[in-house]
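Undergrad:
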Amino acid sequence: MSVAKLGDFEEIKLEKEDGVATLTLYRPEKMNAFTGKMMQELIEAFDITDADDDVKVVIVTGHGERAFCAGADLSSGAKTFDYDARAKDGEAGRSQEVDVQRDGGGRVTLRIFESLKPVIGAINGAAVGIGVTMQLPMDIRIASDNARFGFVFNRRGINPEAASSWFLPRLVGISQALEWCYTGRVFPAAEALAGGLVSEVVPQADLMKRAKELASEIAENTAPVSNALTRQMMWRMLGASHPMDAHIVDSAAIYERGRSPDAKEGVMSFLEKRPAKYTVSVSEGMPTFFPWWEEEEFEWISKT
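Last residue of the sequence shown: 300 in this note's numbering, with the numbers rising by one and none dropped.
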């Protein structure tokens, strides 16, 4: 199958091959630094992959070997994080009041959180600030041996963003999360592996090969609807107050999926010792109870 271009973007690239979409952060001259335009394009890219039933898995990586994403573009100088000032200058994506109030990194991580397709982060170099926090809602993160990570916010006089105060402690534990954020230091891939931020470190030359191996194993052997359900069940139960919450959703899911053509195909392909061919699409085959949660609304915190 040939590589197909998805969407028309300026600061990212989105391509599809053999059921796997590869999303590449693409600002070569700026070490793939994050901008308002990149935020908008990332959100649109995940809208595209969710709607495309041919996409079974999404890989996110950065262009080149130096950086995954070097954090926010600091070219605005002292007003980089002063969004009121930047909105007055008419910057794209900052003209509406809600955009000024809402953290752009958080808009990206929440969109990745909502993805119906598994997401693999292939971290190919420096990943600091939003470059590391955007990884947190990705399901599997692997790093090249030259990758570097840094939750540098407190060194810039701001604070962790992109909903990382929710994601990071759940992934690595509260003490590790706070140590990395308090110090704001940049640390190597080996420490990210030891701390649980990534699951694997491979040589730079093997990074995309390994990411595609993982993606292909998912795409070729598992049911897309099962993956979409599993992804949301796992992530959303991180905030559940009791295992009964999981039991309720598990029961509804196994009941409906158990009657589906996918379940029959899964059993028969196993008994007949042949590869399974799952035909139920995410766009048409999600269970009747999905989604089972109420959508959260953004509300600006104000003290009056």
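Built from N, CA and C at the ideal position, the CB exists for glycine as well.
Compare the C-alpha of Ala188 against each of Val104, Gln172, Val51, Glu11 and name the closest.
TA: Translated into the one-based positions of the sequence shown, residue 188 becomes position 192. With distances taken between Cα atoms, Ala188 lies closest to Gln172.
Undergrad: Evaluate Asp4 with the Cβ neighbour count: other Cβ atoms within 10 Å of its Cβ, from every protein chain shown; 16 or more gives buried, anything less gives exposed.
TA: Taking the sequence shown and counting its residues from 1, one reaches residue 4 at position 8. It counts as exposed.
Undergrad: Using the C-alpha atoms, what's the distance from Val263 back to Ala143?
TA: For the purposes of this step, residue 143 is taken as residue 147 along the sequence shown, with counting starting at 1. For the purposes of this step, residue 263 is taken as residue 267 along the sequence shown, with counting starting at 1. Rounded to the nearest angstrom, the two C-alpha atoms are 41 Å apart.
Undergrad: Taking three-plus beta-carbon pairs below 8 Å as touching, is the segment 1 to 19 in contact with the segment 45 to 54?
TA: Yes, they touch.
Undergrad: Does the Cβ-Cβ distance between Gly101 and Ala158 come in under 7 Å?
TA: Counted from its first residue, the sequence shown places residue 101 at position 105. Counted from its first residue, the sequence shown places residue 158 at position 162. Yes; because the gap between Cβ atoms is below 7 Å, this pair is in contact.
Undergrad: Would you call the CB atoms of Arg137 and Gly117 closer than 7 Å?
TA: The residue labelled residue 137 in the question sits at position 141 within the sequence shown. The residue labelled residue 117 in the question sits at position 121 within the sequence shown. Their beta carbons are under 7 Å apart, which means Arg137 touches Gly117 by this criterion.
Undergrad: Is it the case that the Cβ atoms of Thr105 and Met130 are separated by a distance below 7 Å?
TA: As a working mapping, residue 105 is identified with position 109 in the sequence shown. As a working mapping, residue 130 is identified with position 134 in the sequence shown. Yes, the Cβ-Cβ distance between Thr105 and Met130 is below 7 Å.
Undergrad: Report the three-state DSSP secondary structure of Thr179 (helix, strand or coil).
TA: In the sequence shown, residue 179 corresponds to position 183, counting from 1. Helix, per DSSP.
Undergrad: If you run the structure through DSSP and keep just helix, strand and coil, what is Val168?
TA: The residue you call residue 168 lines up with position 172 of the sequence shown. The answer is helix: DSSP assigns Val168 an H, G or I state.
Undergrad: Applying the criterion that 16 or more other CB atoms from any shown protein chain within 10 Å of the CB defines a buried residue, is Glu37 buried or exposed?
TA: Position 41 of the sequence shown holds residue 37. By the 10 Å Cβ count, Glu37 comes out buried.
Undergrad: In the DSSP assignment, what are the bridge partners of Ser265?
TA: For the purposes of this step, residue 265 is taken as the residue at position 269 of the sequence shown. DSSP, once it has assigned bridges, lists no residue as partnering Ser265.
Undergrad: Between which two residues does the alpha helix (DSSP H) carrying Thr45 extend?
TA: For the purposes of this step, residue 45 is identified with residue 49 of the sequence shown, where counting begins at 1. Looking at the DSSP string, the run of the alpha helix (DSSP H) that includes Thr45 is 32 to 47.
Undergrad: Using DSSP's beta-bridge definition, name the partner residues of Gly58.
TA: For this step, residue 58 is matched to residue 62 along the sequence shown. For Gly58, which the question treats as bridged, DSSP gives the partners Leu21.
Undergrad: Quick check on the burial criterion: 16 or more other C-beta atoms within 10 angstroms. Buried or exposed for Thr275?
TA: As a first step, residue 275 must be located in the sequence shown, where it is residue number 279. Exposed is the call here.
Undergrad: Give me the Cβ distance between Ala29 and Ala68, rounded to the nearest whole Å; I'm assuming they're in contact under 8 Å.
TA: As a first step, residue 29 must be located in the sequence shown, where it is residue number 33. As a first step, residue 68 must be located in the sequence shown, where it is residue number 72. Sure, about 7 Å apart at Cβ, within 8 Å.
Undergrad: Three Cβ pairs or more, each shorter than 8 Å: is that satisfied between the segment 230 to 248 and the segment 145 to 152?
TA: No contact exists between the segment 230 to 248 and the segment 145 to 152.
Undergrad: From the DSSP secondary-structure annotation, give me the bridge partner or partners of Ser224.
TA: Sequence index remark: in the sequence shown, residue 224 carries index 228 (1-based). Correcting the residue type first, residue 224 is Ala in the shown sequence and not Ser. Answer is none; Ala224 lacks a bridge partner.
Undergrad: Suppose you measure from the CA of Lys9 to the CA of His59; what does that come to, to the nearest Å?
TA: Position 13 of the sequence shown, counted from the first residue, corresponds to residue 9. Position 63 of the sequence shown, counted from the first residue, corresponds to residue 59. Near 9 Å, if we compare the C-alpha coordinates of His59 and Lys9.
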